[in-house]
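Engineer: When we follow our numbering, the leftmost residue of the sequence shown carries the number 1, and every step to the right adds one.
C-beta: ideal position from N, C-alpha, C; glycine also.
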Amino acid sequence: MRIISRSTIRDYWEQHPDAKGQLEAWFAMAKQADWKTPADVKASLGKASIIGNNRVVFNIHGNTYRLIVGMNYNLGICFIKFIGTHAEYDKVDAQTVERIRS
1 MRIISRSTIR
11 DYWEQHPDAK
21 GQLEAWFAMA
31 KQADWKTPAD
41 VKASLGKASI
51 IGNNRVVFNI
61 HGNTYRLIVG
71 MNYNLGICFI
81 KFIGTHAEYD
91 KVDAQTVERI
101 RS
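Listed below in structure tokens is the structure:
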């Protein structure tokens with residue numbers, strides 16, 4: 001998958017160093033993935049949450065952080081829409097939130 005944008009992930013782990021290893025691991029895995037459908041994502045990462053609007057929520061660092069991506073399965077692109085703590089995640093609408101810069 002092509003991930004837009006790695007800089008958002010990097011900016012986040014610079015502010016939250018405990019998330020760095022998990023975000024790097026997610027990025028490496030997602031970059032190698034060939035997800036064509038939501039079922040493909042679930043098959044790779046059973047704890048990922050498939051939600052409406054072609055969005056997927058990934059738990060990062062033991063569910064301390066949440067990562068929301070918009071998926072374009074046909075083009076093979078993941079768009080980073082949100083990274084935040086679980087508490088911050090609870091305050092956004094995961095189906096409509098747009099890219100948030102840290």
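Among the residues of its own chain, which have a CB less than 7 Å from the CB of Lys42, if the five just before and after it don't count?
Structural biologist: The residue labelled residue 42 in the question sits at position 42 within the sequence shown. Once the five neighbours on either side are set aside, the close Cβ partners of Lys42 are Ala48 and Ile50.
Engineer: Using a 10 Å radius around the Cβ and a threshold of 16 neighbouring Cβ atoms, would you call Lys81 buried or exposed?
Structural biologist: Working through the sequence shown from its first residue, we reach residue 81 at position 81. Its Cβ being crowded by 16 or more others within 10 Å, Lys81 is buried.
Engineer: Distance check for Lys36 and Arg66, CA to CA, integer angstroms please.
Structural biologist: The residue labelled residue 66 in the question sits at position 66 within the sequence shown. The residue labelled residue 36 in the question sits at position 36 within the sequence shown. The alpha-carbon atoms of Arg66 and Lys36 are separated by roughly 22 Å.
Engineer: Report the three-state DSSP secondary structure of Leu23 (helix, strand or coil).
Structural biologist: To locate residue 23, count along the sequence shown from 1; it is residue 23. Residue state, collapsed to three classes: helix.
Engineer: What residues in its chain sit with their C-beta under 7 Å from that of Phe27, if we drop five residues either side in the sequence?
Structural biologist: For this step, residue 27 is matched to residue 27 along the sequence shown. Contacts found: Ile3, Arg6 and Ile9.
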